[in-house]
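J.:
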Amino acid sequence: MTATLPADVAATTALLAAGGYVADAALATTVHLALRMGRPLFLEGEPGTGKTEIAKVLAAQLPRGLVRLQCYDGLDLSAAAYEWNHARQLMAIRMAEARGETANLEASIYERRYLEARPLLRALEGEPSVLLIDELDRADEPFEAFLLEVLSDFQITVPELGTIHAATPPVVIITSNRTREVHDAIRRRCLYHWVDYPDAARERAILAMRAPHVAASLSAQVVAFVQRLRQGDYYKLPGVAETIDWANALAALDARELEAGAVNATLGVLLKYQDDIAKLRGEEAARLVAEAKEGARA
Numbered sequence: 016m017t018a019t020l021p022a023d024v025a026a027t028t029a030l031l032a033a034g035g036y037v038a039d040a041a042l043a044t045t046v047h048l049a050l051r052m053g054r055p056l057f058l059e060g061e062p063g064t065g066k067t068e069i070a071k072v073l074a075a076q077l078p079r080g081l082v083r084l085q086c087y088d089g090l091d092l093s094a095a096a097y098e099w100n101h102a103r104q105l106m107a108i109r110m111a112e113a114r115g116e117t118a119n120l121e122a123s124i125y126e127r128r129y130l131e132a133r134p135l136l137r138a139l140e141g142e143p144s145v146l147l148i149d150e151l152d153r154a155d156e157p158f159e160a161f162l163l164e165v166l167s168d169f170q171i172t173v174p175e176l177g178t179i180h181a182a183t184p185p186v187v188i189i190t191s192n193r194t195r196e197v198h199d200a201i202r203r204r205c206l207y208h209w210v211d212y213p214d215a216a217r218e219r220a221i222l223a224m225r226a227p228h229v230a231a232s233l234s235a236q237v238v239a240f241v242q243r244l245r246q247g248d249y250y251k252l253p254g255v256a257e258t259i260d261w262a263n264a265l266a267a268l269d270a271r272e273l274e275a276g277a278v279n280a281t282l283g284v285l286l287k288y289q290d291d292i293a294k295l296r297g298e299e300a301a302r303l304v305a306e307a308k309e310g311a312r313a
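Mapping of the sequence shown onto the working numbering: residues 16 to 313, in sequence order.
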């Protein structure tokens, strides 16, 4: 396992960059420590700042399979970890009764072959993997208790079967958009990093890597515009993904630089709520365009 891991922070930065992810020094250091120490990594931050992308890049570059558990309200153990195949168990019971072989029936129907693996169990039993527990804050608080054994010991205890240990502990990435606070018991088992919006230099580097066909002058203006926009009072600020999409959209319209008309026509790529679009469209957009052009020249 350790032979495939980056040797130092610089190597971790290079590994992420090879997958198209531009990490700052603090994030690269935390990722490196999580890999070397074998600890889960808890990434928290605003939507669109690239938390999920880190897991995808690590899976592609290490390389390992990506096992994703998308959290949602009502998520339970049967969807997240395992579930007994009751149809197969019932069939086995009927066949055993037909043969008159019922002496050890209760034990036999709780063998591993009747257990359906869900993401958590698949990550422990399968080939070395990256386990992405995405948007944990969307799950109910009681669900977090199910994760503690996995995060502490890389194992799952099935009452009817016993404890299943990971042959090779997965790399675990947990993300949260902080719609609610995740319990301290989860946080204590992880290394933590707050993933913030990138500064202008890093966002330009991201655009250069993820949208290389966009003219450098347009990319600089797009970043300057978005950086100023994020200082405003909007319901949902654009993340890095929206910056990339917007730059690609403007390039698809053959734009070489920001113009108020093109900006107003493409705000639905950058912003996802009508109130935000209405607030920005018109005079405010024109003001930011002028400031962005000036800022890109500086």
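Beta carbons are placed, not taken as given, at the ideal position from N, Cα and C, and that holds for glycine. Computed from a predicted structure; not experimentally measured.
Can you give me the C-alpha to C-alpha distance between D332 and I179, rounded to a whole angstrom?
T.: Examination of residue 332 is not possible in this model, given that the chain is present from 16 through 313 alone.
J.: Let me check one thing: in DSSP terms, what residues is I171 bridge-paired to?
T.: Note: I171 sits in a beta bridge opposite I179.
J.: Considering V321, what are the terminal residues of the alpha helix (DSSP H) in which it resides?
T.: Examination of residue 321 is not possible in this model, given that the chain is present from 16 through 313 alone.
J.: Pull up the distance between the alpha-carbon of D260 and that of T44, whole angstroms please.
T.: The straight-line gap from Cα to Cα measures roughly 28 Å.
J.: Within the same chain, show all residues whose beta-carbon is closer than 7 Å to that of A96, passing over the 5 residues directly before and after it, in chain order.
T.: These residues qualify, in order along the chain: R133, L135, L136, F161, I171.
J.: Could you give the residue range of the alpha helix (DSSP H) that holds G247?
T.: Where G247 is concerned, there is no enclosing alpha helix (DSSP H), given that its DSSP letter is neither H nor E.
J.: Starting from D149, follow its DSSP beta bridges and name the residues at the other end.
T.: Looking at the DSSP assignment, D149 forms a beta bridge with Q85.
J.: Among the candidates L244, R193, T183, whose CA atom is the shortest distance from the CA of A307?
T.: Minimum Cα distance to A307 is reached at L244.
J.: When burial is assigned at 16 or more other CB atoms within 10 Å of the CB, is T27 buried or exposed?
T.: Flag for T27 reads buried.
J.: How many Å lie between V304 and A311 at the Cα?
T.: If I take the Cα positions, the gap works out to 10 Å.
J.: At a cut-off of 7 Å, is R133 close to the ligand ATP when judged by its beta-carbon and the heavy atoms of the ligand?
T.: No copy of the ligand ATP appears in this structure; indeed no ligand is present at all.
J.: Under 8 Å, with one C-beta from each stretch per pair, do the region 276-284 and the region 292-303 reach the 3-pair mark?
T.: Yes, since at least three Cβ pairs between the region 276-284 and the region 292-303 fall closer than 8 Å, the two stretches touch.
J.: Based on the DSSP output, what are the partners of I189 in its beta bridges?
T.: I189 pairs with F57, I148.
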